Structures are given as structure tokens and as C-alpha cells.
Amino acid sequence: MRRSAGAAALLVLTALAVCPPAAGRAQETTTLRVWHAYGQGSAEETALRQAADAYVEAHPDQRVELLANAFGAYLSKLESAIPTGNGPDLFIDAHERVTHYVERRLITPVEAPSSGRFDASQLEALSVEGRLYGVPLSLKCAALYVNTSLLPEAPSSLDALARRPHAEGVFPLVFEAENAYYVAALLHAHGGRLLDDEGGYAFVGPAAHATVAEVQRWVESGATPEEATGELAKRLFASGHALSVISGPWLAPDLPDSLPYRVLPLPPATEGGEATRPYLTIEAAYVAAQAQHPAEAAALADFLAHGPGALIRAKAGRQVVADAAAFDDPELASDAFLSTFRRAAAAALPMPTHPHMRLAFEPAGQALRKVLRTGMPIDDALEEGARRFRDLTRPLPGPRDPTLALVLVGVVLLGFVFAMLRRLKDPATRAALVRSMPAYRWVAHAFLAVGLLVILPLFVGALTSFFSGHGTDLHYAGLANYAEILSARGGELLGHGSFWLVLLVTVLWTVLNLALHVGIGVLLALLLNRPTLRLKGMYRVLLILPWAVPSYVTALSWKGMFHRQFGAVNALLTALGAEPVSFFAHFSTAFTANLVTNVWLGFPFMMVVTLGALSSIPKDLYEAAAVDGATKKQQFWRITAPLLVPALAPAVAMGAVWTFNMFNVVFLVSGGEPDGSTEILVSDAYRWAFTRSNQYGYAAAYAVLIFLILVLFSKAAARGLARVEEKKA
Amino acid sequence: MEDGELVVLVGPSGCGKSTLLRTIAGLEIPDAGEVRIGEREVTRLPPRERDVAMVFQSYALYPHLTVRQNLSFGLKLRKTPAARVSEVASMLGLDELLDRYPRQMSGGQRQRVAMGRAIARRPALFLFDEPLSNLDAALRAEVRIEIKKLHQSLGSTMIYVTHDQVEAMTLADRLVVLNAGEVEQCGPPLDVYDHPASLFVAGFMGSPAMNFISAEVADGELRAPGLTLSAPEDAKPGEVLLGIRPQDVERADAEPGSAAYRTPAGPGRIDFVVDVLEPMGFEAYAHGRVGETKFIARLEGDAVRGLSEGDHVALSVPPQKLHLFDPKTGRAL
Amino acid sequence: MRRQRGSLLASVGSHVALLIAVGFAIYPVLWVVSLALTAGGAPEAQIIPWPAHPSLDNFRAVAGQVDAERGWIFGQQLFNSLAIAAATTLAALAIATPAAYAMSRFDFVGKKGSMAALLATQMFPGVAAAIPLYLLLDALGMLDTRSGLVLVYATTAVPFAIFQMRGAFDAIPRDLEEAAMVDGATRFGAFVRVVLPAARPAMAVTALFAFMTAWNEFILAATFLSREEVFTLPVVLQRFVGEHDAHWGLFAAGAIIVSVPVMALFYWLQRHLVGGLTSGSVKG
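Chains as they are written, first to last, in our numbering: chain A, 3 to 731; chain B, 1299 to 1631; chain C, 23 to 306.
Next up, the structure:
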């Protein structure tokens, strides 16, 4: 009964999933699709909706359909959707990607807002080659949040703030010290830049040195927390454990009402020094290149930018609107929070829109982490960062003449077709084919589905490994991607970040994981298999738990537990009298953290497989052995182990493949820290594809190489397995 | 084969008897030849259209169905009312078990369900594929009799495959002995037993197996080391293989203990040397040698009293119980 | 006497070992729960995963949103996730089981090659396939639909399901379906009525794997879906992690809600899990 109820529920849900939702849309109205990546349930999202409603009220022939996207998937989604005509009419994003969008032809030029007062520098930041591409909506930059009950007077400088005496567990100056976005504000004060005007990496030299030294001093003196994340900074400040925090307008909605605080533009870094200039991000509305209704989209952008649209966003969304005229509104003028941010924004430095900007944060952050976590000499760390940046921005392989490859492919294809035809002429083959016909009816749909939706995309993906560049300047590059990977991009073969070193780490990762998965899994299964054990069911359910909870959540939980200052693991170590460990500062500890997490995730599977295998071993074997006088230990090694090996072998082989490609854990726990050394092949491939200038061809070549390695491995494993079976027979 | 007949296919494992049965059922398609059931040519028909029922060696009970559902499975598929189920169940004594699952039953009970499933169908032809080989000896004998009764009461046509010649002998209206894919002999069981057409049939039917001794026919006599017997009249001179069933011999020497007790065999006698005795009360098997050839004799219980290893015993055989085979072709002479 | 003491010691020993393992297994999950129950509060290096001031605010914020225009949007998205995962499960089983049966029972030209190809799909990292898949779904006109996502998830789950089910079918005696065929079933009828029910444990486990594939996936869902009313829960969860700020409390609360159905399924199927997984993997 229960079974059929479950099956019925499945069916009903399926039917509902496949049925298209009723689409009762009037034909006359124009629907504008607007995409944004505001947080779920945030005031900004609400305000955008209200502003859109106001627009629709003024234009009753139009509808606005808002779509909130996950920030992590926003860019790749825009890049896929707009060229294929599935994109929005209008989308909202930060200004620093404007060059990228123009290069990819994702956006079209717009008119400047029809009224309101906009800063010329902001409009310029949204222009490429003299043409305006985005309508500025709001401004975001960092400022100093001060807890007024702990720190009534305004600090004269960040350094003075950092030197303030403070109670145990209270930090005077909280900010994400390892995040180059925040550190850039100090760098600017020291006269430095992350990126020079030509898009070159500039986080080197005396200014950078002075900046990093300063940050290092603050962290080491305990004024600034270690390994601070945005979440940590927020919680410290919200709970009264921080005198101040450097953050942007996004922090305010998460602060409790009871917290007495105010916002100040960032004070100078040192007493009487240069002004601290944070980066300014201008959030803008872009009309998408393939918009269905570009004119209406532009009108909506214009509506949102100034006047009532801007007022709604400022009042309901607490946005620092770009339109200066909005601040003539008495309510806004008297709003200390918004006007402070407005002042801070005026002093801030618009983030360069050079495509290299996004690539500068990763190496700069890595340099900071090297110094703050491992104590590496500053200049060495900076130099390493510069090297890393050069690596990321190396020129892509140039186009090659595809004729030779096409001819080769043609010849191979012809040969294949010819061989097939010859085989078909053979009557034995034909007879075999006729006999296979009934079987084909059983497998045809599966082969079709898997062929079309799994193998074809993988094949096309593999083909992109012969191409370089992206979007419109995609070109055939022959084997250049492979050559670059296998030659470690011209560096040392086992040098930092080289394919071979990462492969070595991946193999180590796979072997250790499997050994522990199998060891722990078998041990627990043996314990659970004891016939006299009580509470067996309860143990089993609890031990399967790691498998049942989505790994993207538990991996993050583990990452939190490995935090240097606030992690449970270090709390435990401290309670045991050991020194706390900075887990992500060294390869060995970061690798261990990944390993522990993945062992935790993977042992239940092996345990369950072993339990199944154990239950199929006949009991009388043990009785016979016991009669023969075998001890428990001998029984295990003589009976259990030999019978388990063939039963576990396929699961281990499968587990090896899964572990080899276990992206989630590495990406979420260590994130490759320190300095990409704990990266495995698949997470490295992901970075090349998505976080490092979208080098899809390069990432695809990685994927193909991973595939080839695994195929070789499985061939070898199958041969080994066959040998084991042979020996048994 | 005739309507209403019970034909037993018997032969050693691997002789093709199961394949033949499966071909009749339609589970395998023959490379050549055709299969007919009644008037119908069914060679290419799928099993479901042949109106046959089959009892498998493993019983092949549907593990997820109760006994009742197992019995009515075929009926439901043919849209036949399932009333017959209870009838069959009471016939086989399964009434109490109708709501059990196969895993909750003993081997004998499962076997009954497997038969019941076939009976409920009332097919044109029953097929049994070694249905008793998974039962213990006592149960096997019991079920064997039941099958025979069943056949008599249902009067339906049955084909029964077994490697057990006792089953074959007791059940068959007609026996088909198969070896290596070929039919060796076909006929009523006693005919086959009494007049085996080949060396193979002779050796296969009967337990313990027939003794074979290489002999020579000359001058109206059969001669081999350790025996001299008068040859059947129609026997031609030359090399033959002489077959003697263990059951067909008896002691020809005087009573145990008499003076003639240890007299070596003379003409018309077999000189049998005892190695091991298996007394079973009313009868005994004596394993030993005639000349250099191994020989088994079934003797009466009293006839082996006092015998021990190495004793010579004189045996005699009625002439009509001698089987002669061509040593080259293996056919009966 | 000595024997008994020995077994008492062994019994205590195994309970201690199992308790340690259970602690290891549930500790990080307890941290997720604790995070979900924490609304603000100071971060502290603590060993016991329990918030100082537990509150359900995060759960309320995640699941309780009702707005006038779209109604209870969380409910809608929960339903999407359930429907998509259920449909994926059914589709994957419907596609995979007949193929697995053929792989187990028939010989045909290209069988070895297709097994190798199926295995190969498990080894190729999916990184490179997302964009071609997007273009493909776009061409099929299924880009922004639940059915499109179901199709993609189901086919992703099929290769592993075929391996799993083939192993299970190999372990089922052929006699069973032959009996059914003699009893009057077609081969397909025998497959549906007899072979599939006999393979139920393995089917349950395969279904669980397929369900989890669909239930936890977010990269493809976030890329393919462009209407909020068809979003799945993992996509919604990702929206708690922004560029500058991440709401881990909300994320954890959402994650727990997402985990509950899977945990329930695991609990429900754990009996089958042991047998079902092995029959597949041992003989596959």
C-alpha cells in the first residue's frame, strides 16, 4: 500500500513537472524582462519591484518581469542567454564589467539619463570608446561603520583606530584583510594601484609593500581578525565585538536595530596621510544586445535612474542612488547613512573597467594571504602575485590553419565509413545484426537520450579544446592548448600550478581518500555486522547522514570548522592544550582539511557497500573456520578479506573516478589555498573556465586530459581485476 | 507423441534434454527443424501462444507475489477467472499457504506451488524440467507418486525431463533416452530396460549400472577371462561387449559352508572375486572383479553371509538376460 | 567465563568505536543546524555546536515569504524541486531499466562498445559540457522549462543507473521471466510484472541516486532557468550568497529544509540500500 502511494506521488509530481504552467498573457502588452542579482528578499530587490511597478503604472501597455539570479551563476548565464536570444531586455550589474560586455557584444549603447544630475566621471566609467553603455543607478563603495557606544568620537585615522586599546575578544578595526578589494583602499592612499592604466598588474613596489606591511601589523597586533570573511566581519560588528568595520552599504540591512552605529567616510590610513580611497562600483542598467523591446528597456532604465524611480530605490531599497538630484529630497538630504555613502562615493575611485581588473583580485588576494597566513616576506609574496597575474593574462594561442586537421578528420571519417561498409557486407555481421534487432528495441531510447544529451555535449565540449579565445573571436588553435598545458606554460614542469604538479596532487588526493574511505567503511561495516550488536539500526542511520545532506552545505560547514580563529577544530585543539593551526596557510594542513572533509563525505558509501558484501558471505564459512581453530583475526584475513576484495573492487574503481573529479570539496573547503597548491585537476579546469578570463578551450583541454587519464586508469584497473578473478578461479 | 501421454526425456546432464524442452516451450528457437503441438506448427511462436505450462527446476516462483497470486498469474494474463486457484490449491494441499510469500515456505511447499501454477493453467501440454532435483530423497519419492496420480487424474499430455533414471522408469508412459543431443532409444520404460538399444542406454538405465565385459563369441560360447557362458543362438562369432545387470546374477555354487563352496567356476559360470561387500539386510551389493574387469553383483542377503575379501564366488546368469553389444558401434546385437 | 568477558569487552569496544564514528558523522551537520538557528550573535570559537540564543528567524525568513503577487513563492519552488526530482527519477528509471535489462539478457552487436561509452561518460568532467548543453536545449526549445531540466538530469543519471540495474538483473535468475513468458506474458510483460518487482531493492537505490542528482544540482538549473516560478531550491539557496555579503544563517536554514526530504528518503530506503547497492556494484 505504502509502495503504491509512493509511486502514485511520483507520477503526479512528474505530470505536474512536465505540464507547462498556464500562460495567460494578454497579447497587447509588451513584457520587459529585467534580470538582476540582488539578494533573496533584500530591500534592494523589493525596491526594484516597487520602482518597476511605478513604471508600469505610468505605462499601462507594458509589463515588467523581474528575475533574481544567483550571483555565482549570473555572468555565465548572461553570456549564454543573450547571444541565443534568451536573455533579458534589461539587466543590472556593476560598471566594471562594461568593457567585457561590450567586447562580447552583450549590450547596446544608451542615452544618458534624460534628467537628474550625474557625475561626469561616473558616466565616463560606463563608457567604452566614447559611447555610453549603461545607465548609472546606484553607487557602492566601502565606508567605516562605527559602533557609537564603544567608540563615541570619530577616529582620526585607521591606524589610530587600530592602535586603540581594546577589551579581550573585541577588535578595533574589522575588515576583510585578505580581500584585495578592501586593501585597495589603503593602497590608493599610499599612492599605489592594483592595475595601471594599460591594464598591467601594479600591486608591487613600495606602495604595495607599505600597504601590506600596514595590514600585517594590524592583524598581528590583534586589531584586525585573521582570515576574516564578510560573514565574520558582520557578526563581530553586529554583536558588539568590533569598534568599527570597513564595509559597504550592503552591511546595514543585516545589522540589528538595537545596535548603535553610524557611518563615516573612510578616514586616512595614517595620521595626516593621504585620503583612503576605496573602489567605487557603479551599479548600472544595461540594455541587452538582443533585447526584444530595446526602446522600452531604455525607457525603463531611464525611469529607474532618476526622479521617482531613484527616490523609490533610495527610500525603500536604501540604495545610494547615482542621481545627485535625488538628494534634494528633504528626506534623503537628512538621511545620514545615505548622504555619508554619497560623500564617500564622491571621494572613491571608480574601479577600472579594463578586462584585466577582475583577474587582478585573485593574485593580489593570494599575495595577501601568503603574507598574513604564512609570514612570507612581503616583496616575495607580491612578486609571486605578479607572476601569477602574468600567467593568467598570458596571450592566448594564435589562430592556426585548420586545413590539415580538417583533412585528417575527413580521412579518418572516410576510413571509418569504409570499414563499416565492409563489415556490413560480411554476411556474418549482417546475421548478427538481424539477431540483435530485438535487443536494439530495448536500448534504442536510452542510447538516443544519452547520446544526444550526454555524449554529444561532452563531445562538443571536448572539441572546444582545439579552440582558443571566446565569443566572437573564437579561433582554431590546433593542439596549442594541450601543448601549453603539458609544457606547464613554459615554466618548470613541476613548478607552481603546472599540470604535472596538480596531477601529482590529484593522484595523492585520490589514493589517500580511497584508502581512508575503504578502511573506515570496512571497519564500521564489520562493527555493524556483529550479530550481537544492539542499536544497529540507529548507528546505521546516523552513519549514513553525511551522504544524505547536500555536500555543498556540509563542505562549507567543514570550512567554517577549520577557521583559524573561530573554528571548532582549533577550539578543540586549544582545549587539548595545542596551538591553534592556520589550516589554509600550508599545503599539508589545507590538504588535510580537504581530505578530512571528503573522507567524511565518502565513508558512508563504502560502509554500505561493504555491509551488502558482508551479508552475502555465508555464515557457515566462519563456523567452519572457528571449528578449525581460526582466531577472529585469522577469520578476517583468511575469509572476509579475500571475499570482500572482488565485491568491493567495482565500488572502489567507481569511487576512484568520483574522487578524482571531486570538485565540490576542493573548491568549497580550501578553494585551492594556499596559493592554488591544493587544487586538483578538475577544480583547476573549473577556474580556467569560469574565474580566470573564461578560457573555455583551455579548460576543455584539461577536461580531455582528465578523461584520458581516467580511461587509462580504468583499463589498468580492469586488467588487475581480471587477474584477481583469474587467481580465484 | 500421443495425446495424454507422459513422456520422459532422460539423459545425463548436458545431453540436450533441457534444451529440447525449452525449444518446445518456445524459450529457445531451433536452428533447424520444427515444433508442432497438436495440429499447430509453433516453431516461431512465442511461448505465450503455445498453450504450454512449465515447472522449472528452480521452481521460478515470483518472489514478490503470494502463493495465490503466483497461482493466478497465468490466469490473469489470459483473462481467465481465477476461481480455479482454490480448486488447485485444495488439490495440492496448499489452502493454508495461499497468503504466504515463496520465501516463507519450505522446498517441498514451493515445489507444490510451482506445480499448482502449471495445473491451474490447464494447458495443452505440461513441461517439467527436473522438478524434483532440489528435494530430498524421501520427498522426491512422495512427489513422484503424486505426479503420477496427477497425470492419471488430469489425463493431460506431459513432457518430463530428468537425469534420474528411477524417476524416468517409474513415471514414463514412454521413455526417450538422450545422449549428446541424439535420441538413443525411445519406447515404453520396461522395453528400454529389458532391451537397451545401445551401450549408452544400457549403462545409463538401471542402478547400479550394468557390468560390461569384453568377450569373444566362438564355437557357440562366450569367453572372457574368468567366464565361459553359452552364447545366444543368433550370436555371430567375433569380439563383443557383454553386458550383465548386477540384478540378473545369482550364486551358482553350493550353499555357503558346503564342500563345493570354494570351487572355481566352470562352464556356464562366472568366476567372481569379492573386493567389498555392502550388505543391506535383505540384499547386498558385492563389488569385485571378473578377470581384470570390475563387476558388481546384487545378491540376496543370505547369499553373502560369511564372504570376505578375496573369496571366489561362482555366479550364473539366465541366457535371456545377457546383452551383447558391438564394441565398435555400441549398438545392441 | 573467559569467553564471556572477552565478548563483553569486544562489545563495549565496538560501541565506543561506533559512537566515535557517529560523533564524527553528525558533528558537521550539527554545525549546520546551529548556524541555521543562529540569528546574529557573536562568532565564538566553541566546541559545542549550539547557538547561545537559538531562534527560528532564519527558517521563517527562508520559508515564510509570502507576497501578494506571487503567493508563497518558497512553496512553489519547493514544489518545483520535488516535481523535477520526481520526474527525473521516473524518467531515469524508465530510460535506464529496459536498456540495463537488454545489457543483462541479450547479446547484440555493439554491446561492449556501448558499455564502454557509458562508462566513459562518468569519467569526463562536466565543466566543458554546460555551454553545448545550453545551446542544445535552446535548439530543442526546452531551455526555460522544467521538462528540459528533467531531461538533462535524467540522462545524466542514466549511465550510472544502467550499471546499477544491470548488476541487479544479472543476479535475477532467467527462470523467473521464462516462467512468466510460458504463463502467457510477452517479454516486456515479464520484464514489467516479474523482473522489475524482483529487482526492487536495486531500483529503490537507483531511484535514490537519480533523485539526489536532480535535487542537489544548481549550476545547470541556475543557468537554464530564467523564470522565478520554475526555480528549484538549490538555485534559491545560492541567492543567499552575494558578491559582497553572504547570509550563511539563511543558507544553512534553507539547506536543512532542502536536506529533509533526502534524509527521509534515505531513512525510508536504508533497508534496501545495503542489498540494492551491492547487487549492482558487486556484479556490475
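We put the beta carbon where it would ideally sit given N, CA and C, even for glycine. From a predicted model like this one, the values you see are computed outputs, not experimental measurements.
Here T612 of chain A really is in contact with V524 of chain A; their C-beta atoms are around 5 Å apart, less than 8 Å. Sequence-ordered contacts of the stretch 184 to 207 of chain C with chain B read P195, D197, L198, E200, A201, A202, M203, V204, D205, G206 and A207 [C-beta pairs closer than 8 Å]. Chain order gives the chain C residues near V1350 of chain B as V204, where near means a beta carbon separation below 7 Å. Contact between A655 of chain A and A719 of chain A is confirmed by a C-beta separation of about 5 Å, below the 8 Å threshold. Not one beta carbon of chain A lies nearer than 7 Å to the beta carbon of P73 of chain C.
If the five residues before and after L712 of chain A are omitted, its C-beta is found closer than 7 Å to the C-beta atoms of V659 and F662, all from its own chain and listed in chain order. Contact between the stretch 186 to 206 of chain C and the stretch 261 to 278 of chain C is absent: fewer than three C-beta pairs spanning the two stretches fall below 8 Å. Considering only beta carbons, no part of the stretch 267 to 298 of chain C lies closer than 7 Å to chain B. Only residues of its own chain outside the window of five on either side were considered, and among them F81, V84, A85, L100 and L255 have a CB closer than 8 Å to the CB of I279 of chain C, listed in chain order.
Within chain C, the residues placing a beta-carbon under 7 Å from that of Y1360 of chain B are L198 and V216, ordered along the chain. For F329 of chain A, no beta strand (DSSP E) run applies, since DSSP gives it neither H nor E.
Between the alpha carbons of W502 of chain A and M608 of chain A lies a distance of about 29 Å.
Annotated three-state conformation of D1427 of chain B is strand, per DSSP. DSSP, reduced to helix, strand and coil, places K142 of chain A within a strand of the structure shown. In the three-state scheme derived from DSSP, where H, G and I count as helix and E and B as strand, K1534 of chain B is classed as coil. DSSP lists B:A1612 as the beta-bridge partner residues of D1569 of chain B.
Beta bridge pairing from DSSP links S1528 of chain B with B:E1519.
For I248 of chain A, the enclosing beta strand (DSSP E) stretches over residues A244 to S249. Every unbroken stretch of the alpha helix (DSSP H) spanning 4 or more residues and falling wholly within the stretch 74 to 153 of chain C is given here in chain order: 79 to 85, 95 to 127 and 133 to 145. When the Cα atoms are used, T1591 of chain B and L198 of chain C turn out to be separated by approximately 48 Å.
Excluding sequence positions up to five before and after Q218 of chain A, its CB lies within less than 7 Å of the CB of V373 and L374, all in the same chain and listed in chain order. Under the rule that a run must span 4 or more residues, the alpha helix (DSSP H) segments found entirely inside the stretch 151 to 211 of chain C read 152 to 162, 168 to 192 and 196 to 204. Chain C has no Cβ within less than 7 Å of the Cβ of Q64 of chain A. For P1379 of chain B, no CB of chain C lies under 7 Å from its own CB, so it is not counted at the interface with that chain. Taking 9 Å as the cut-off between beta carbons, the residues of the stretch 69 to 98 of chain A near chain C are L69, A70, N71, A72, F73, G74, A75, Y76, S78, K79, E81, S82, A83, T86, G87, N88, G89, P90 and A96, in sequence order. When Cβ pairs closer than 8 Å are counted between the two stretches, the stretch 1422 to 1442 of chain B is seen to touch the stretch 1314 to 1332 of chain B, the count reaching three or more. Residues of the same chain with a CB within less than 8 Å of the CB of P115 of chain A, apart from the 5 flanking positions on each side, are V137, P138, D304, A307, H308 and D325 in chain order. With contacts defined as CB atoms closer than 7 Å, L152 of chain A and A164 of chain A fail to qualify as a contacting pair.
By the rule that beta-carbons nearer than 7 Å mark a contact, P120 of chain C does not touch chain B. Contact between the stretch 689 to 706 of chain A and the stretch 591 to 606 of chain A is absent: fewer than 3 CB-CB pairs across the two stretches fall below 8 Å.
Across the stretch 1400 to 1423 of chain B, CB contacts with chain C closer than 8 Å involve R1415 and R1419, in sequence order along the chain. Secondary structure at T661 of chain A: helix, using DSSP grouped into helix, strand and coil. Of the candidates A:A96, A:Y442 and A:K561, the residue whose Cα lies closest to the Cα of P352 of chain A is A:A96. F239 of chain A and P227 of chain A have their C-alpha atoms some 12 Å from each other. Look at M353 of chain A here: in three-state DSSP terms it is coil, with no helix or strand label. Judged by their CB atoms, R209 of chain C and Q42 of chain A are not nearer to each other than the 7 Å cut-off.
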